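Going by full-length UniProt numbering, 20 is the number at position 20 of the sequence shown; the sequence numbering is gapless.
Input: a single structure, listed below in structure tokens.
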Amino acid sequence: MFPQRVLSFISIFISFTLSCCIRDYTVPEPIIEVLEPRGFSVKIPHSDGISIFAFHGNINQEMDNLEAGQFSKDILKRTGDFWIFKDLHTKLNVGDKIYFWLFVIKNGLGYRYDDGVYTVKDDTNIIPDGPGQESTIRPIFEPTIGPNAEHTTKVANDVPTATESTTLIKICERTILNITDLLLKLRTEVSSLKDTNEILREISEKHHDSARTLKVEGRIPVNEDALSTVKGIIKQKLALSIEIVEARRNKDGGITFETTSLDDKVQIIKAAKEKLRYSKIFLTY
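What follows is the structure in structure tokens.
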């Protein structure tokens, strides 16, 4: 199972790297309109290949990185030549701020527009919302200006030049080669660990007394049947359903018990390390 997980992780990482290398699209600055009597809309122009436009935003509350936000919606169908998110319930006043980020899927690749901020000002155009009411006035999008006189709205870089693209491709090629080399090393290490595991298993199986035997001690019931006590601990404390062959109480008050297989023993040990860490019950093996 472990090798497959490693391979899956590497495959996903390579796909992500490739998608970063072959970007040919920049999410455009969105058009934001304040609607009357209430609501607002956010839209971007359509471009061939776009299949999803997602809006995530908060009113008067900064986004926590890529959180879903008070408004979170995937737009799966465009309206005319635009992809539009629309809310008809929120009343916006002068000074209110819309914090947002956008996500666009184009030709199977994802593109983001991060850290967007829109401030409603007293000269903001109000667009009537309703049947037969259209506006030819394009609203003004004015991002908030931060303390360093820089726009807090961060738009992705312009499409790279041919020289920049060539450099970027070379970097990506080196990255993929490094990942491939890492993958080969991981496969070798996994194979070695697998061989070691099989050898240790063979050695353990030859010593029946220790291969499937465990001991539980500490704060355990004194007068209860040993087998019932062990089964209760395994089921209630470790949340496992494992068959116990036998159990016997020792002179020191502890209970020695035997599992049906080495795998069951390993499973119990793993669960005990996590769930009995702060318990008065101890497991030795």
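For every residue, glycine included, the Cβ atom is placed at its ideal position computed from N, Cα and C.
Quick caveat, the model's predicted, so the values are computed rather than measured.
Hey, Y113 and W101: beta-carbon distance below 8 Å or not? Less than 8 Å divides the Cβ of Y113 from the Cβ of W101.
If you run the structure through DSSP and keep just helix, strand and coil, what is S279? Coil, per DSSP.
Can you name the start and end residues of the alpha helix (DSSP H) that L227 belongs to? That run of the alpha helix (DSSP H) goes 226 to 232.
Between the CA atoms of G57 and S72 - distance to the nearest angstrom: Rounded to whole angstroms, S72 to G57 spans 7 Å at the Cα level.
If you follow the beta strand (DSSP E) that N58 is in, where does it begin and where does it stop? For N58, the enclosing beta strand (DSSP E) starts and ends at 50 to 59.
For I98 and L109, what's the separation of their Cα atoms in angstroms? CA-CA distance, I98 to L109, rounds to 26 Å.
In whole angstroms, what separates the C-alpha of L193 from that of N178? Spanning the two alpha carbons is a distance of roughly 22 Å.
For P249, list the residues DSSP reports as bridge partners. Correcting the residue identity first, residue 249 is Arg in this sequence and not Pro. R249 has I255 as its beta-bridge partners, per DSSP.
Could you have a look at K114 and say whether DSSP puts it in helix, strand or coil? Strictly speaking, residue 114 in this sequence is Asp, with Lys absent from that position. Here D114 sits in strand by DSSP.
Buried versus exposed call for T284 [16 or more other C-beta atoms within 10 Å across all chains shown]: Result: exposed.
Hey, out of F53, N93, K251, K77, whose CA is closest to N60's CA? Nearest in C-alpha terms to N60, of all of F53, N93, K251, K77, is N93.
Just how far apart, CA to CA, sit L214 and E189? Across the structure, L214 and E189 are spaced so that their CA atoms are roughly 30 Å apart.
What does T188 pair with, by DSSP beta-bridge criteria? Listed as beta-bridge partners of T188 by DSSP are no residues whatsoever.
Suppose contacts are defined by Cβ-Cβ distances below 8 Å. Is F103 in contact with K43 by that definition? Cβ distance not < 8 Å, so F103 and K43 don't count as in contact.
Can you tell me the Cα-Cα spacing of A271 and P30, whole angstroms? Taking the straight line from one Cα to the other gives about 51 Å.
Would you mind working out which of K237, K251, I199, L262 sits nearest V245, comparing C-alpha positions? Nearest option by C-alpha distance: L262.
Just to confirm before moving on: does the CB-CB distance between I233 and Q267 stay below 8 Å? No, the pair does not count as a contact, with Cβ atoms beyond the cut-off.
Looking at the secondary structure, which residues open and close the beta strand (DSSP E) in which V34 lies? 31 to 36 is the extent of the beta strand (DSSP E) around V34.
Identity of the residue in R248, V27, S41 nearest E33 by Cα: In this structure, S41 is the residue among R248, V27, S41 with its C-alpha nearest to the C-alpha of E33.
If distances are taken between C-alpha atoms only, which option among G39, T26, N250, S210 comes closest to V222? V222 has its Cα closest to that of N250, out of G39, T26, N250, S210.
In angstroms, rounded to a whole number, what distance separates the CA positions of L66 and V230? Cα-Cα distance, rounded: 47 Å.
With DSSP run on the structure shown, which of helix, strand or coil describes P143? Any answer about P143 is weak, because its pLDDT of 42 lies below 50 and its placement is not dependable; what the coordinates show is given next. P143 falls in the coil class under three-state DSSP.
If you drop the 5 nearest sequence neighbours on each side, which residues of the same chain put their C-beta closer than 7 Å to that of P45? Cβ neighbours of P45 beyond the five flanking positions: P28, D81, F82.
Inter-residue Cα distance where the pair is L276 and K235: One alpha carbon belongs to L276, the other to K235, and they sit about 13 Å apart.
Compute the beta-carbon to beta-carbon distance between K91 and R174, rounded to the nearest angstrom, for a pair I have assumed lies under 8 Å. Incorrect: roughly 53 Å between the Cβ atoms, too far for contact.
Distance check for A239 and S279, CA to CA, integer angstroms please. Rounded to whole angstroms, the gap between the alpha carbons of S279 and A239 is 15 Å.
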